[in-house]
Amino acid sequence: MAILDAFRKFSLEQKLAFVALSYGYITMFCPGVLVAPFFPAEAAKQEVGSKLTGIVFAVQALVGVVCGPFVGMAIAKFGPKTCFLVGIALNATFSTTFGAGSWNILRP
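According to full-length UniProt numbering, the sequence shown is numbered sequentially starting from 1.
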């Protein structure tokens, strides 16, 4: 109950920031979590091997590890709000691009 008591003491601005951050994190992780159970079967239908399917999921974690220090430097330079909003926008862009992969626009 200590967590709820601490949350009740937050100002309205702090509560709104908490809700915005929570929503941001949910929207960042949902695309990967929702696709993960179905992606291997769909990739097999497109004749994509299991190695490449694994690489698709591994690249996300690798990019997070590699870019983490650079994001830390960017937060110090531009501020956390700007970096968070840019991160949300980039995540939306790349999630849309990932989802558009099933359109087969590059196949003859």
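Positions of the beta carbon are idealized from the N, C-alpha and C atoms, including for glycine.
For valine 59, the uninterrupted alpha helix (DSSP H) run begins and ends at 50-78, by DSSP. The three-state reading of DSSP puts serine 11 in coil, since its state is none of H, G, I, E or B.
Judged by pairs of C-beta atoms under 8 Å, the stretch 24-39 does not touch the stretch 5-12, as fewer than three such pairs exist. Rounded to the nearest whole angstrom, the C-alpha separation of valine 59 and phenylalanine 29 is 14 Å. For phenylalanine 39, the uninterrupted alpha helix (DSSP H) segment begins and ends at 39-45. By the C-beta criterion, the stretch 16-30 is judged to be in contact with the stretch 87-94, since at least 3 inter-stretch pairs fall below 8 Å. Nearest to alanine 100 by C-alpha distance, out of Ala2, Pro31, Lys15, is Pro31.
Residues of the same chain with a CB within less than 7 Å of the CB of alanine 43, apart from the 5 flanking positions on each side, are Thr53 in chain order.
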